[in-house]
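Per my numbering, the sequence shown starts with residue 36, numbered consecutively. Beta carbons are placed, not taken as given, at the ideal position from N, Cα and C, and that holds for glycine. Please read these numbers as outputs of a predicted model, since none were measured by experiment.
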Amino acid sequence: MAINYEVRYSNHPNDALEYGTERLRKEFLVETVMVPGEINMVYSMNDRYIVGGAVPDTELELGTIDPLKSSHFCDRRELGIINVGGDAMVRVDDSDFELGFKDALYIGAGSKKITMISKEKQKPARLYFNSAPAHRAFPCKRVTLDDAEVAEMGAMEQSNARKINKLLINSVVETCQLQMGMTELKPGSVWNTMPPHLHDRRMEAYFYFEVPEGQAVCHFMGDPKETRHIWMQNEQAVISPPWSIHSAAGTSNYIFIWGMAGENLDYGDMDVIQPNEIR
């Protein structure tokens, strides 16, 4: 079993203006998320947020990594998992949680042993996870799409009709600062988070999946008056600092998972940027 991690430092928005394509990708894109038999993650200094993925073709245990300086991964952290593959079981200490496709699991601080298991080796689970520091422990909880708080947004006329499934948010499950959800674009729509927004109080990360083979997603980031873009493939993630917009258009339909942490748990705390104001 391999646990691979990388540390990413924060970036000043003025510095990011000077980045070329390769530097932008190196600083913000997480190219390798899902690898059979591995746990891969990026530790971002933006709110000390962790973005990662696990594909348990055999049992995988989410152990600690050196930057945490802790005995267990969740000693001082909370963890959110969303399954984007085959059926899974996640064992947290003495409790087992079954996760089907698009099911989520919240794991509270203080949990010791976290084991990820695929129900069928021929169709392994693909477990995308986010983690943030936690100041207190809340109970672990499985959340399905039926449990989610749902919002219908956008319109076909603007190519941004989408269904937002708020899975791990404080109206559904108690968390310290972690929030996660899944946005599904309607057929014929390609824009997400349009109009875009900012929230200086929180960083955010996106994970794009169900991007058809041969297609791509163009993720937009940066200051609203100085935007940049990163072309992304299926099952890749991107880090959005608090000063950056986060939006995208695809060459085809897709789904993405959003996760964030920071100052508050107010999902609606955002500063909207109108499309005609973007540069």
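On the CB-based measure, 16 or more other CB atoms within 10 Å of its CB, does Asp82 come out buried or exposed?
Burial call: buried.
Ser282 versus Met305: straight-line alpha-carbon distance, rounded:
CA-CA distance, Ser282 to Met305, rounds to 14 Å.
Would Val207 and Lys201 be called neighbours here (beta carbons separated by less than 8 Å)?
yes
Ordered list of beta strand (DSSP E) runs contained in the stretch 224 to 310, each at least 3 residues
The stretch 224 to 310 contains, as complete beta strand (DSSP E) runs of 3+ residues, the segments 237 to 244, 252 to 258, 261 to 267, 271 to 275, 280 to 285 and 290 to 297 (chain order).
Taking just the CA atoms, how far does Gly216 sit from Glu113?
Using only the alpha carbons, I get a separation of about 15 Å.
Distance, Cα to Cα, Pro168 vs Pro276?
Between Pro168 and Pro276, the C-alpha separation is close to 17 Å.
Evaluate Ser106 with the Cβ neighbour count: other Cβ atoms within 10 Å of its Cβ, from every protein chain shown; 16 or more gives buried, anything less gives exposed.
exposed
Arg43 and Met80 look like a contact to me (Cβ under 8 Å); what is the Cβ gap, rounded to whole Å?
7 Å
Inter-residue Cα distance where the pair is Ala89 and Gln268:
18 Å
Which residue marks the beginning of the alpha helix (DSSP H) containing Ala51, and which one marks its end?
Pro48 to Ala51
contact_flag[the stretch 258 to 267, the stretch 188 to 195] where n(CB pairs < 8 Å) is 3 or more:
no
Counting Cβ pairs, one atom from each stretch, are 3 or more of them under 8 Å apart for the stretch 43 to 63 and the stretch 130 to 137?
no
Look at the Cβ atom of Tyr141, then the Cβ atom of Ile292, and state whether they are nearer than 8 Å.
no
Let me know the secondary structure DSSP gives Glu355 once reduced to three states.
Residue 355 is absent from the model: the chain starts at 36 and stops at 314.
Glu270: buried (16+ other C-beta within 10 angstroms of its C-beta) or exposed?
buried
Leaving out five residues before and five after His264 in sequence, what residues of the same chain have Cβ atoms less than 6 Å from its Cβ?
Around His264: Cys253 and Phe255.
Assuming Leu59 is part of the alpha helix (DSSP H), what are its boundary residues?
In the DSSP annotation of this structure, the continuous segment of the alpha helix (DSSP H) that includes Leu59 starts and ends at Thr56 to Phe63.
Any chance the stretch 53 to 73 sits against the stretch 87 to 101, with 3 or more Cβ pairs inside 8 Å?
The stretch 53 to 73, when compared against the stretch 87 to 101, does touch it at the 8 Å Cβ threshold.
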